[in-house]
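To start, the structure itself, in structure tokens.
2 protein chains.
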Amino acid sequence: MTTTNAQILLASRPDGEPTLDNFRLVETPIPTIGDGQVLVRNRFLSLDPYMRGRMSDAKSYAAPQPLDQVMLGGTAGEVVESRDPGFAAGDQVVGFGGWQQYVVVTPSRGGLQKVDTTHVPLSAYLGPVGMPGVTAWYGLTRIIAPKAGETVVVSAASGAVGSVVGQLAKLRGARAVGIAGGPTKCGYVVDELGFDACVDYKAHREVRDLARALKEACPDGIDGDFENVGGTILDAIMLRANAFARVALCGMIAGYNGAPIPMAMPQLLLTNRMKLEGFIVSEHMDAWPAALQELGGLVATGKLRYTETIAEGLEAAPEAFLGLLRGRNLGKQLVRLS
Amino acid sequence: MTTTNAQILLASRPDGEPTLDNFRLVETPIPTIGDGQVLVRNRFLSLDPYMRGRMSDAKSYAAPQPLDQVMLGGTAGEVVESRDPGFAAGDQVVGFGGWQQYVVVTPSRGGLQKVDTTHVPLSAYLGPVGMPGVTAWYGLTRIIAPKAGETVVVSAASGAVGSVVGQLAKLRGARAVGIAGGPTKCGYVVDELGFDACVDYKAHREVRDLARALKEACPDGIDGDFENVGGTILDAIMLRANAFARVALCGMIAGYNGAPIPMAMPQLLLTNRMKLEGFIVSEHMDAWPAALQELGGLVATGKLRYTETIAEGLEAAPEAFLGLLRGRNLGKQLVRLS
């Protein structure tokens, strides 16, 4: 076992689109643990779009990622050493260990969960049976709440969240329509995930053009939108929204680099009597148990499909993260630590 | 009693802002009634911003006002002759009689209500104890649902709806802040209606400037917005919204003449985890009895203040309506028929 802990720090804040220069790899000694602490070896890092927001110091719902500190993020790994009676070496755990190989955790302060990898692989606890899955579950069941026969659209449909949204919508008897970038992703969404249709936004850049493509994919209009992108994609969806349509506003990746993303016709919210709700899944902890029970069961029984894009080695994390922001991944973007 | 029925028809659809040329006054015979019918003499016409939408034939929640037909609209009046056993000459009634002196109604088809004018004046059934009042009640209590100590903002605060919103918010222990055009309206909102503050949007045309004025009027931020105007007013409110703020989207008069009214920063809906809901009060009939009970009680006991701007004579209706769209009225805009 090596005695150093490789870490990736936030070296500088991005001006527009992040670059590799915003990150710095350092080596530090593996810390020793005190009473009540646990040393965890991270096996997988979760890369998520919300991290882009924290790299800036603009006002947001989360405190910004501090400069020169280890990049924050969800992790799955294994207990190496424990001085907490609730954990033992070999335990599989998920937590918020950041972009590093080892992390010291004080479990009594919360934030470290043992997970059962008998039927669900460890990495899935960072995807469909973790934060992305619960995000999909919450927005779909608590905000959109589709009735059988209704149509639900989800943008970034091939991603970790979007892929779950559409499958849960199908399980509830709704028509699921994805929006994704390029024929490969769209093919995956329909053929592998079982969505009813998928619109390639890269083939329909102009809002009216995209709205026409949505009309074809959603012949009965749109009753629910799980929105991950915003910008012209949301504008086009609103043009096809039915009366009483619901928008679960989960992300607006179109604007994450600071470009203005005005909503062109907010009056449609009124004329269609729409309901729009922004949400952060970590503020709805009461929903997690029910969500994880359903999601864990579906993954364990093979009824919920998911794909992972895995970058190898901590040093690959920054580039993988930039790729995620550019939509280069399919499904959940992870980093596997050696 | 005259034998003719003066009526105002929609002569043409407006291109942008409506003009007097869009209306036409005609005289027709007073119709005779058949079995089960009632002849009502209208005493008051209600003029409401929603009528602007119906003058166009753009897609909206309501069917457009037909050309060359009597302008649709709410009315309060008196039964002149009845061949329905439920009504008698002299009954005070409210209904949807349109811009005319007389109307024949078949009460069994719905749409005609007897009202008690012992403690509530007839005209108030077109204002605080009618559609505008219930609109305010629904958006405030069912969508914004303010807690004591929260801050509620309402645009078009001196109007028939806005004036009720702020007073109901105060009665629930919230801070009520109006937005209105000009010092007279703002003075009325604070001094007569008892709002805590009122911002004159005409003195703060630029969105950042208006947001600064709102910051002063709402030192603890904004928890609820009852939105009647949209455009830069909504943009400025969103800049001051607190986490979990609710927007009851009732009207967007800023865009009624066809000007684009993009929402500048929809990402605030996400970062502030806001909830926004468009609504039409006529689709929530289940709320009316509770609303009318509270509103009627408050008006009868003098606890809910309201003001009427009354134009005299049917022929004054078009000009009064254009004035309403330009914000020339204070409180409820009515037309009294001679």
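Keeping their order, the protein sequence lines are chains R and U.
Just so you know, we're using my numbering here: the first sequence kicks off at 14 and counts up by one.
Just so you know, we're using my numbering here: the second sequence kicks off at 14 and counts up by one.
Just so you know, even glycine gets a beta-carbon here, dropped at the ideal spot from N, CA and C.
**Item:** CB contact below 8 Å: U/Ala280 versus chain R
**Value:** One-based indexing of the second sequence puts residue 280 of chain U at position 267. Residue identity check: residue 280 of chain U is Gln in the sequence provided, not Ala. Yes, U/Gln280 lies at the interface with chain R (some Cβ there is under 8 Å from its Cβ).
**Message:** Counting only Cβ pairs nearer than 9 Å, list the residues of chain R close to U/Arg155.
**Reply:** Here the question's residue 155 of chain U lines up with position 142 in the second sequence. Chain-ordered listing is empty here: chain R has no CB closer than 9 Å to the CB of U/Arg155, the nearest sitting near 12 Å.
**Request:** Alpha carbon to alpha carbon, how far is R/Ala189 from R/Asp209? Give it in angstroms, no decimals.
**Result:** Residue 209 of chain R sits at position 196 when you count from the first residue of the first sequence. Residue 189 of chain R sits at position 176 when you count from the first residue of the first sequence. When rounded, the distance between both Cα atoms is 5 Å.
**Request:** Going by CA-CA distance only, name the one from U/Leu58, U/Ser69, U/Phe57 that's closest to U/Asn270.
**Result:** Reading the second sequence from its first residue, position 257 is the one you call residue 270 of chain U. Closest option to U/Asn270, Cα to Cα, is U/Ser69.
**Prompt:** If we count Cβ pairs, one from each stretch, closer than 8 Å, do we get three or more for the segment 288 to 303 of chain R versus the segment 16 to 25 of chain R?
**Reply:** Contact between the segment 288 to 303 of chain R and the segment 16 to 25 of chain R is absent: fewer than three C-beta pairs spanning the two stretches fall below 8 Å.
**Asked** Using 8 Å as the limit for Cβ to Cβ distance, is U/Pro331 near chain R?
**Response** Counting from one through the second sequence, the residue named residue 331 of chain U turns up at place 318. No - not a single Cβ of chain R is within 8 Å of the one on U/Pro331.
**Of the residues R/Leu227, R/Arg225, R/Gln280, the one placed nearest U/Gly243, counting alpha carbons only** = Numbered from its first residue, the second sequence carries residue 243 of chain U at position 230. U/Gly243 has its Cα closest to that of R/Gln280, out of R/Leu227, R/Arg225, R/Gln280.
**Prompt:** When the distance is taken between beta carbons, is U/Gly143 closer than 8 Å to U/Val107?
**Reply:** Here residue 107 of chain U corresponds to residue number 94 of the second sequence, with the count starting at 1. Here residue 143 of chain U corresponds to residue number 130 of the second sequence, with the count starting at 1. Contact flag set, yes.
**Request:** List the residues of chain R whose Cβ lies closer than 8 Å to the Cβ of U/Ala277, in chain order.
**Result:** Taking the first residue of the second sequence as position 1, residue 277 of chain U is located at position 264. Ordered by position in chain R, the residues that pass the 8 Å Cβ test against U/Ala277 are Pro273, Pro275.
**Prompt:** R/Ser176 lies in the alpha helix (DSSP H); which residues open and close that run?
**Reply:** Taking the first sequence and counting its residues from 1, one reaches residue 176 of chain R at position 163. Note, R/Ser176: alpha helix (DSSP H), 175 to 184.
**Residues in the segment 239 to 250 of chain U having any Cβ partner in chain R nearer than 7 Å** = Hits within the stretch, in order: Gly243.
**Request:** Output the residue ranges of the beta strand (DSSP E) runs that lie fully inside the segment 206 to 286 of chain U and measure 3 residues or longer, sorted by chain position.
**Result:** Runs found: 210 to 213, 235 to 240, 254 to 262.
**Prompt:** Between the C-alpha atoms of U/Gln20 and U/Val348, what's the straight-line distance to the nearest angstrom?
**Reply:** Stepping through the second sequence from its first residue, residue 20 of chain U is reached at position 7. Stepping through the second sequence from its first residue, residue 348 of chain U is reached at position 335. Going by the C-alpha atoms only, they are around 13 Å apart.
**Prompt:** From R/Arg253 to R/Ile246, what distance separates their C-alpha atoms?
**Reply:** Along the first sequence, read from residue 1 onward, the residue named residue 253 of chain R stands at position 240. Along the first sequence, read from residue 1 onward, the residue named residue 246 of chain R stands at position 233. So the two alpha carbons sit approximately 11 Å from each other.
**Prompt:** In its own chain, which residues sit with a C-beta less than 7 Å from the C-beta of U/Lys183, not counting the 5 before and 5 after it?
**Reply:** The residue labelled residue 183 of chain U in the question sits at position 170 within the second sequence. Its chain contains Ala189, Gly207 as the residues whose beta carbon lies nearer than 7 Å to that of U/Lys183, once the 5 sequence neighbours on both sides are disregarded; these appear in chain order.
**Message:** For a contact defined as C-beta to C-beta under 7 Å, what are the partners of R/Leu262 on chain U?
**Reply:** Counting from 1 along the first sequence, the entry for residue 262 of chain R is found at position 249. R/Leu262 reaches chain U at Leu282, Leu283, counting residues in chain order whose Cβ is nearer than 7 Å.
**Asked** If you count every other CB in all the chains shown that lies within 10 Å of the CB of R/Gly29, and 16 or more means buried, which is it?
**Response** By 1-based counting over the first sequence, the position of residue 29 of chain R is 16. Here R/Gly29 is exposed: its Cβ has fewer than 16 other Cβ atoms, across all protein chains shown, within 10 Å.
**Prompt:** Between R/Phe334 and R/Leu60, which are expected to be in contact by the criterion C-beta below 8 Å, what is the C-beta distance as a whole number of angstroms?
**Reply:** Stepping through the first sequence from its first residue, residue 334 of chain R is reached at position 321. Stepping through the first sequence from its first residue, residue 60 of chain R is reached at position 47. R/Phe334 to R/Leu60, Cβ: 5 Å. Contact.
**Message:** When you compare the CB positions of R/Ala261 and R/Asp236, do they come within less than 8 Å of one another, or not?
**Reply:** Against the first sequence, residue 261 of chain R aligns to sequence position 248. Against the first sequence, residue 236 of chain R aligns to sequence position 223. A distance of 8 Å or more separates the beta carbons of R/Ala261 and R/Asp236.
**Message:** Looking at chain R, is there any beta carbon in it that lies within less than 8 Å of the beta carbon of U/Met144?
**Reply:** In the second sequence, the residue the question calls residue 144 of chain U occupies position 131. Chain R contact via Cβ: absent.
**Asked** Name the DSSP bridge partner or partners of R/Asn55?
**Response** Numbered from its first residue, the first sequence carries residue 55 of chain R at position 42. Residue pairing of R/Asn55 in beta bridges, as defined by DSSP: R/Gly90.
**Message:** Can you check which of these residues, U/Gly146, U/Val202, U/Ala161, is closest to U/Ser171 by C-alpha distance?
**Reply:** Taking the second sequence and counting its residues from 1, the one referred to as residue 171 of chain U is at position 158. Comparing Cα-Cα distances from U/Ser171 to each of U/Gly146, U/Val202, U/Ala161, the minimum goes to U/Val202.
**Item:** Straight-line Cα distance separating R/Arg155 from R/Asp299
**Value:** Translated into positions along the first sequence, residue 299 of chain R becomes position 286. Translated into positions along the first sequence, residue 155 of chain R becomes position 142. Between R/Asp299 and R/Arg155, the C-alpha separation is close to 12 Å.
**Message:** Beta carbons nearer than 8 Å to chain U: which residues of the segment 162 to 192 of chain R have them?
**Reply:** Considering only beta carbons, no part of the segment 162 to 192 of chain R lies closer than 8 Å to chain U.
**Message:** Between which two residues does the alpha helix (DSSP H) holding R/Tyr63 run?
**Reply:** Counted from its first residue, the first sequence places residue 63 of chain R at position 50. Start and end: 63 to 68.
**Prompt:** In terms of residues, what are the limits of the beta strand (DSSP E) holding R/Pro42?
**Reply:** Residue mapping note: residue 42 of chain R aligns to position 29 of the first sequence, counting from 1. Start and end: 36 to 42.
**Own chain partners of U/Arg37 with C-beta closer than 6 Å, once the 5 adjacent residues on each side are dropped** = Position 24 of the second sequence, counted from the start, is the residue given in the question as residue 37 of chain U. Only Leu22, Ala24 meet the Cβ criterion.
**Burial state of R/Ala216 (16 or more Cβ within 10 Å)** = Within the first sequence, residue 216 of chain R is the residue found at index 203, counting from 1. Looking at its Cβ environment, which holds fewer than 16 other Cβ atoms inside 10 Å, R/Ala216 is exposed.
**Prompt:** Given a threshold of 16 other Cβ atoms within 10 Å of its Cβ, counted over all protein chains shown, does R/Arg221 qualify as buried or as exposed?
**Reply:** Numbered from 1 along the first sequence, position 208 holds the residue referred to as residue 221 of chain R. Per the 10 Å Cβ criterion, exposed.
**Request:** Starting from the beta carbon of U/Gly268, find every residue of chain R whose beta carbon is closer than 8 Å, and list them in chain order.
**Result:** Here residue 268 of chain U corresponds to residue number 255 of the second sequence, with the count starting at 1. Chain-ordered, the chain R residues with CB closer than 8 Å to the CB of U/Gly268 read Gln280.
**Prompt:** Which residues in the same chain as R/Phe100 place their Cβ atom closer than 8 Å to its Cβ, once the five residues preceding and following it in sequence are excluded?
**Reply:** Sequence index remark: in the first sequence, residue 100 of chain R carries index 87 (1-based). The residues are Val51, Val92, Val106, Pro120, Leu125, Lys127.
**Asked** When the Cα of U/Ala226 is compared with those of U/Glu40, U/Val166, U/Pro44, U/Thr17, which residue comes out closest?
**Response** For the purposes of this step, residue 226 of chain U is identified with residue 213 of the second sequence, where counting begins at 1. Each of U/Glu40, U/Val166, U/Pro44, U/Thr17 was checked against the Cα of U/Ala226, and the nearest Cα belongs to U/Val166.
**Message:** Comparing C-alpha positions only, which one of R/Ala75, R/Val83, R/Asn35 sits nearest to R/Asn18?
**Reply:** Here residue 18 of chain R corresponds to residue number 5 of the first sequence, with the count starting at 1. The shortest C-alpha separation from R/Asn18 is found at R/Val83.
**Request:** Please state whether DSSP places R/Ile156 in a helix, a strand or coil.
**Result:** By one-based count along the first sequence, residue 156 of chain R stands at place 143. Note: R/Ile156 maps to helix in three-state DSSP.
**Limits of the beta strand (DSSP E) - the one that U/Leu288 falls within** = As a working note, residue 288 of chain U is residue 275 in the second sequence. Reading the sequence as shown, one finds Lys at residue 288 of chain U and not Leu. Per DSSP, the unbroken beta strand (DSSP E) holding U/Lys288 starts and ends at 288 to 291.
**Buried or exposed by the 16-neighbour rule on C-beta atoms within 10 Å, applied to U/Arg341** = For the purposes of this step, residue 341 of chain U is taken as residue 328 along the second sequence, with counting starting at 1. U/Arg341 is exposed by the Cβ-count criterion.
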